[in-house]
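Participant: First residue of the sequence shown? That's -10 in the working numbering, and the numbers climb one at a time after it.
Glycine included, every Cβ here is placed at the ideal spot set by N, Cα and C.
All values reported here derive from a predicted model rather than from experimental measurement.
Pasting a structure below so you can have a look.
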Amino acid sequence: MTQFPDPDTVRPVVVQGFRAVWRASWPEERPGFGIYVLEDPDAPLEQLDEAEFEATDERLPYFASLWPAGDSLAAAVLRASIEPGAHILDLGCGVGAPGLAAAVHGGAVTFVDWDLRALELVAHSATVLGVEPAALHARDWRRLEEDLRFDRVLGADLLYEARNVPAVLTVLAERLAPTGEAWVADPGRDGLATFLEALPGSGLRLIERRRLPQRPHGVAVTLLRIALLGHEPP
């Protein structure tokens, strides 16, 4: 098993003027595993003026924090069995905790986020962990161009707006390999009920819905395991 460095020895880095520090929050699942997060997650938001804030809309700097759903999904992935070399997509990755957790299992992980700063954080974390991302794409995850299919798609807190539901369903249907499986973690957003209601007509099916184990952040996070209709994950 890969030995990670002592978290206390990992030095801060600077990403486009923002200081990032190492956060190792998963000692029970994988001692030493961690990621870089911004030391002040509010700093990118504070730099937006009023016009930029209003124009940005969904493109607010959400990447700056490790959200509870991402934390809990990363813990679940660290506990999971992932085939080395499996093609994995971390959708709207932010700081990339779930995808990096898959990478330390040997997964070939593609990270997608519209904010280049998020991908720079992921790249720094990967270097410390001794893993190599399969790809880092700075783009809107709802508009992926390549005709790629993945053995597993990871998504944390994608349903924070109900209007995201059709896009999430479309991306999962388009990006899952025939026997692939999506893991979508949600902290109880309003879009969750809409998502579940829309699943039957989307070409997807729900394999399992379960509450993930309690984490220090104290937020109840639900995991949805999803597959293509008519296909069975191995």
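So which of PRO189, ALA53, THR183, ALA91 has the shortest CA-CA distance to TYR25?
Facilitator: ALA53
Participant: Look up PHE100 in the DSSP assignment and give the residues it is bridged to.
Facilitator: ASP79, LEU125
Participant: Quick check: LEU147 and VAL120, are their CB atoms within less than 8 Å of each other?
Facilitator: Between LEU147 and VAL120, the C-beta spacing is not below 8 Å.
Participant: Only counting runs of 4 or more residues, tell me where the alpha helix (DSSP H) segments fall wholly within the segment 143 to 177, in order along the chain.
Facilitator: When DSSP assignments are scanned along the segment 143 to 177, the uninterrupted stretches of alpha helix (DSSP H) that are 4 or more residues long and fall wholly within it turn out to be 154 to 164.
Participant: Does ALA13 come out as helix, strand or coil in the three-state DSSP assignment?
Facilitator: coil
Participant: Bridge partners of PHE139, per DSSP?
Facilitator: LEU165
Participant: Rounded to the nearest angstrom, how far is the Cβ of PRO57 from that of PRO176, given a contact under 8 Å?
Facilitator: 5 Å
Participant: CB-CB under 7 Å to PRO87, same chain, minus the five flanking residues each way: which ones, in chain order?
Facilitator: GLY59, LEU62, ALA63, VAL66, ASP79, LEU143, ALA145
Participant: Starting from LEU27, trace the beta strand (DSSP E) in both directions and tell me its first and last residue.
Facilitator: Its beta strand (DSSP E) spans residues 24 to 27.
Participant: Measuring only from the beta carbon, is ARG106 closer than 7 Å to any heavy atom that is part of the ligand SAH?
Facilitator: The ligand SAH is not among the ligands present in this structure, which contains no ligands whatsoever.
Participant: Tell me the DSSP secondary structure of ALA65 in three-state form.
Facilitator: helix
Participant: Using a Cβ-Cβ cutoff of less than 7 Å, which residues in the same chain neighbour ARG214 once the five nearest sequence positions on both sides are dropped?
Facilitator: GLU170, TRP172, ILE196, GLU197
Participant: If you draw a straight line from the alpha carbon of ALA9 to that of ALA91, how long is it in whole angstroms?
Facilitator: Linking ALA9 to ALA91 through their CA atoms gives a straight-line distance of about 22 Å.
Participant: Measuring only between beta-carbons, confirm whether ASP129 sits less than 8 Å from chain D.
Facilitator: Included in the structure is just one protein chain, with no chain D present.
Participant: Give me the Cα-Cα distance between PRO122 and HIS76, rounded to the nearest whole angstrom.
Facilitator: 11 Å
Participant: Counting along the chain, where does the alpha helix (DSSP H) carrying ARG106 start and finish?
Facilitator: 105 to 118
Participant: Look at the alpha carbon of TRP15 and the alpha carbon of PHE(-7), and state the distance between them as a whole number of angstroms.
Facilitator: When rounded, the distance between both Cα atoms is 12 Å.
Participant: So who's on the other strand from GLU197, going by DSSP bridges?
Facilitator: ARG214
Participant: What three-state label does DSSP hand VAL84 in the structure shown?
Facilitator: coil
Participant: Please name the residue in PRO167, ALA156, GLU109 whose C-alpha comes closest to that of PHE7.
Facilitator: GLU109
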